[in-house]
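S.K.: My questions will all concern the structure given below.
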Amino acid sequence: MSSPLTYSTFDSIQDSVSYLRVNFDTGKARPLSFRKLQIQQLYDLVKDNEERIYEALAKDMNKPRSEALSGDIAPVLEECLYFLDNLDRLAKEEKVKPRLGMHAMDTVKVRRDPLGVVLIIGCWNYPVQLSLVPLVGAIAAGNAVVLKLSEISSYTAALLTELIPRYLNNALYRVVNGAVEETTFLLTQKFDHIFYTGSPNVGKIVMAAASKHLTGVTLELGGKSPAVITEDADIQLVANRIAFGKFYNCGQICIAVDYVLCPAARLDEFTNAFRKTIKEWFGENPKNSKDYARLVSVRHVDRIAGIIENRKSGGIVFGGDVDRDSRYIAPTLITDVKFNDDVLMGEEIFGPVLPVITYNNLDEAITLIKKNPPPLVLYIFSKKQKLIEQVLQNTQSGGVCVNDTLMHQAEYALPFGGVGNSGVGNYHGHRSFNTFTHERAILQKKQKLEFINKVRYPPYNSSRDAILRNFMVTHPYIVYLKRNRGPIKTILILIFLFLVYLKKRA
Ligand code: NAD
Numbered sequence: 018m019s020s021p022l023t024y025s026t027f028d029s030i031q032d033s034v035s036y037l038r039v040n041f042d043t044g045k046a047r048p049l050s051f052r053k054l055q056i057q058q059l060y061d062l063v064k065d066n067e068e069r070i071y072e073a074l075a076k077d078m079n080k081p082r083s084e085a086l087s088g089d090i091a092p093v094l095e096e097c098l099y100f101l102d103n104l105d106r107l108a109k110e111e112k113v114k115p116r117l118g119m120h121a122m123d124t125v126k127v128r129r130d131p132l133g134v135v136l137i138i139g140c141w142n143y144p145v146q147l148s149l150v151p152l153v154g155a156i157a158a159g160n161a162v163v164l165k166l167s168e169i170s171s172y173t174a175a176l177l178t179e180l181i182p183r184y185l186n187n188a189l190y191r192v193v194n195g196a197v198e199e200t201t202f203l204l205t206q207k208f209d210h211i212f213y214t215g216s217p218n219v220g221k222i223v224m225a226a227a228s229k230h231l232t233g234v235t236l237e238l239g240g241k242s243p244a245v246i247t248e249d250a251d252i253q254l255v256a257n258r259i260a261f262g263k264f265y266n267c268g269q270i271c272i273a274v275d276y277v278l279c280p281a282a283r284l285d286e287f288t289n290a291f292r293k294t295i296k297e298w299f300g301e302n303p304k305n306s307k308d309y310a311r312l313v314s315v316r317h318v319d320r321i322a323g324i325i326e327n328r329k330s331g332g333i334v335f336g337g338d339v340d341r342d343s344r345y346i347a348p349t350l351i352t353d354v355k356f357n358d359d360v361l362m363g364e365e366i367f368g369p370v371l372p373v374i375t376y377n378n379l380d381e382a383i384t385l386i387k388k389n390p391p392p393l394v395l396y397i398f399s400k401k402q403k404l405i406e407q408v409l410q411n412t413q414s415g416g417v418c419v420n421d422t423l424m425h426q427a428e429y430a431l432p433f434g435g436v437g438n439s440g441v442g443n444y445h446g447h448r449s450f451n452t453f454t455h456e457r458a459i460l461q462k463k464q465k466l467e468f469i470n471k472v473r474y475p476p477y478n479s480s481r482d483a484i485l486r487n488f489m490v491t492h493p494y495i496v497y498l499k500r501n502r503g504p505i506k507t508i509l510i511l512i513f514l515f516l517v518y519l520k521k522r523a
């Protein structure tokens with residue numbers, strides 16, 4: 018079937034970037050009333066066209082309506098409402114208490130300025146959420162935006178390409194479409210920030226392109242996110258929650274459980290519970306279930322079928338069926354997997370295949386987790402706080418979700434982002450605003466009291482230096498005082514400081 022998406026020409030990409038630059042420079046994107054109007058428009062875009070968005074997501078990957086609601090529609094609507102409610106507060110100048118004594122009488126503040134013309138590159142698995150949520154943050158912060166939609170979810174991209182110009186101001190927000198060639202060209206343009214969601218490999222390309230213009234980046238990447246189950250866990254509950262974190266959108270989610278670390282003694286119990294869950298949710302044949310998505314492309318079907326077929330360890334407990342024509346791969350559980358199996362355990366799976374590795378004590382599981390770069394999320398299933406702490410203290414990850422999966426990403430009060438190989442920076446709510454904002458430091462003095470400044474002007478001498486030191490370095494006694502707030506000690510130290518001062522003046 019031919020793609021419903023028309024790619025942008027290089028000329029139109031270049032024109033869009035220059036046009037946005039000119040319009041950003043007019044200051045039009047800055048007034049809060051304008052930003053709020055645009056955010057309201059974006060809310061209306063999603064609300065008015067909800068049915069069409071469900072249809073497009075179904076065409077792209079058979080995304081079940083409920084998953085499209087929770088994974089694409091709801092986060093955008095909620096983020097728009099959050100900014101309509103909080104933008105005045107977030108954008109306000111922040112008065113800062115000066116640290117230097119010489120600034121005690123001055124105005125010290127931080128302005129929240131937009132970065133300028135920013136580029137957002139969305140991803141195909143949640144093409145509405147992963148394109149429009151960063152867009153809300155960028156608009157809220159007062160930027161002009163080039164939005165590159167994912168060509169892989171082409172129906173959703175085509176729909177957003179039609180709708181965005183109808184709802185948003187065209188002079189400041191533009192959509193660009195294309196594949197590798199167009200993205201490569203787009204990345205040669207100068208932006209003031211690039212926000213990219215996708216694989217670590219392309220993340221490196223984006224970062225290298227950004228470095229040519231010294232442009233800052235936010236990289237929302239992926240990796241192999243493990244779920245570690247401890248001895249004491251309630252296995253049926255764990256099976257349900259891991260299944261949710263594996264088969265939501267057919268495993269095509271950056272925070273999917275990539276593999277499970279299960280105590281050897283509880284493996285049979287886990288496999289039985291997992292089988293039970295899958296049967297209850299998707300029936301005897303998941304292919305017939307309306308609640309099970311499809312892979313986004315034949316390329317991904319072939320990639321995952323290859324992982325199943327060429328794996329170097331493990332036995333299939335259930336699943337493994339592949340139907341290339343309908344882009345179907347059954348929910349698949351593979352046990353007795355070896356950590357050094359470079360097919361199953363090499364790259365992020367990003368599909369409905371769950372390898373299970375067994376361990377005998379928790380330290381062994383922690384050692385395995387640490388063999389990979391820090392994942393985007395670490396899942397821990399345990400009732401014992403001590404064991405949870407043991408895993409937390411000895412590992413690193415973008416985020417952590419204890420006794421559940423995926424839901425930490427839906428909690429927009431938390432930062433969302435990776436660390437190291439799984440990403441750079443974070444977003445959601447006020448953190449999106451910060452991501453697209455320049456904190457402009459302002460020190461404002463009055464044109465009087467010049468005598469105070471004389472201590473820092475030449476000709477330099479030791480008595481001026483002594484005063485300068487007191488203006489610039491907090492006296493250690495004051496720090497001591499703050500840390501030990503006993504009233505008698507306070508008075509004694511103040512008297513002492515006063516005497517030292519009098520002696521120096523005499
Ligand atoms: P990808 O990184 O391969 O591609 C994303 C986009 O980048 C494409 O649409 C294309 O336009 C462009 N692109 C691809 N190759 C390019 C190249 N060589 N040069 C320039 N541009 C290029 O995305 P993918 O691998 O299909 O997505 C899956 C990955 O994204 C997984 O690793 C997943 O974990 C990650 N992901 C992360 C998040 C997050 O929020 N952290 C969300 C979704 C997906």
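Quick note: the sequence shown uses my numbering, first residue 18, plus one each step. Cβ coordinates follow ideal geometry from the N, Cα and C atoms, glycine included.
Looking at the strands, I want to know which residues DSSP matches up with F261.
M.R.: F261 is not bridged to any residue.
S.K.: Measure the Cβ-Cβ separation of E586 and T214 and say whether it is below 7 Å.
M.R.: Outside the modelled stretch of the chain, which goes from 18 to 523, sits residue 586, for which no answer is possible.
S.K.: Could you check the C-alpha separation between I351 and T375 for me, to the nearest Å?
M.R.: 12 Å
S.K.: What is the residue span of the alpha helix (DSSP H) that H447 lies within?
M.R.: 447-452
S.K.: Per DSSP, which residues does A244 bridge with? Please list them.
M.R.: V277, Y396
S.K.: Could you name the residues of the same chain whose beta carbon sits closer than 6 Å to that of L107, not counting the 5 residues immediately before and after it, in chain order?
M.R.: Within the same chain, Cβ atoms closer than 6 Å to the Cβ of L107 are found at H447, F450, the five residues on either side in sequence being excluded.
S.K.: Look at R311 and N142 and say whether their C-beta atoms are less than 7 Å apart.
M.R.: Contact annotation: R311 and N142 have beta-carbon atoms that are not nearer than 7 Å.
S.K.: Where S399 and L385 are concerned, what is the direct C-alpha to C-alpha distance, given to the nearest angstrom?
M.R.: 18 Å
S.K.: Do the region 120-136 and the region 155-169 make contact, defined as three or more Cβ pairs closer than 8 Å?
M.R.: yes
S.K.: Are the Cβ atoms of Q434 and N420 separated by less than 7 Å?
M.R.: In the sequence as presented, Gln is not what sits at residue 434; that position holds Gly. Cβ distance not < 7 Å, so G434 and N420 don't count as in contact.
S.K.: Less than 7 Å separating the beta-carbons of G262 and L409?
M.R.: no
S.K.: What's the gap between the Cα of P493 and the Cα of N487?
M.R.: 10 Å
S.K.: Excluding five sequence neighbours on each side, which residues of the same chain lie with their C-beta closer than 7 Å to the C-beta of Y265?
M.R.: E84, L423
S.K.: What do you get for D353, buried or exposed, if any count of 16 or more other CB atoms within 10 angstroms of its CB means buried?
M.R.: exposed
S.K.: Is I222 near ligand 1, in the sense that its beta carbon is under 6 Å from a heavy atom of that ligand?
M.R.: Checking every heavy atom of ligand 1 against the Cβ of I222, one is found closer than 6 Å.
S.K.: From the DSSP output, which residues share a beta bridge with T235?
M.R.: Beta-bridge pairing links T235 to F212.
S.K.: Helix or strand or just coil, what does DSSP make of Q253?
M.R.: helix
S.K.: Is S314 near ligand 1, in the sense that its beta carbon is under 6 Å from a heavy atom of that ligand?
M.R.: no
S.K.: Alpha helix (DSSP H) containing R493: first to last residue?
M.R.: Reading the sequence as shown, one finds Pro at residue 493 and not Arg. Element bounds for P493: 493-500.
S.K.: Near N40, which residues of its chain fall below 7 Å by C-beta distance, leaving aside the five closest residues on each side in sequence?
M.R.: A161, A188, L189
S.K.: When you compare the CB positions of F457 and R128, do they come within less than 7 Å of one another, or not?
M.R.: The residue asked about is misnamed: residue 457 is Arg in this sequence, not Phe. Yes. Within cutoff.
S.K.: Determine the DSSP secondary structure at A155, reduced to helix, strand or coil.
M.R.: helix
S.K.: Quick check: what's the CA-CA separation for P372 versus Q269?
M.R.: 15 Å
S.K.: Go ahead and pull the three-state DSSP assignment for D358.
M.R.: coil
S.K.: Helix, strand or coil for Q10, going by three-state DSSP, please let me know.
M.R.: Nothing can be reported for residue 10: it is not among the residues displayed for the chain, which extend from 18 to 523.
S.K.: Please report how far the alpha carbon of V219 lies from the alpha carbon of D123, in whole angstroms.
M.R.: Taking the straight line joining both Cα atoms gives about 47 Å.
S.K.: Determine, using beta-carbon pairs with one atom in the region 59-75 and one in the region 192-207, whether at least three such pairs fall under 8 Å.
M.R.: no
S.K.: Measure the C-alpha to C-alpha separation of L203 and F291 and round it to an integer number of angstroms.
M.R.: 45 Å
S.K.: Under 8 Å by Cβ, that's how I've got I246 and V274 pegged, so tell me the actual separation to the nearest angstrom.
M.R.: That pair is no contact at about 11 Å.
S.K.: Cβ atoms of R344 and V370: under 7 Å apart, would you say?
M.R.: no
S.K.: What's the call for Y172, buried or exposed, on a 16-neighbour Cβ count within 10 Å?
M.R.: buried
S.K.: Report whether the distance from the Cβ of G239 to the nearest heavy atom of ligand 1 is below 6 Å.
M.R.: yes
S.K.: What would DSSP say about G323, mapped onto helix, strand or coil?
M.R.: helix
S.K.: For V318, verify whether its CB is less than 6 Å away from any heavy atom of ligand 1.
M.R.: The answer is no for V318.
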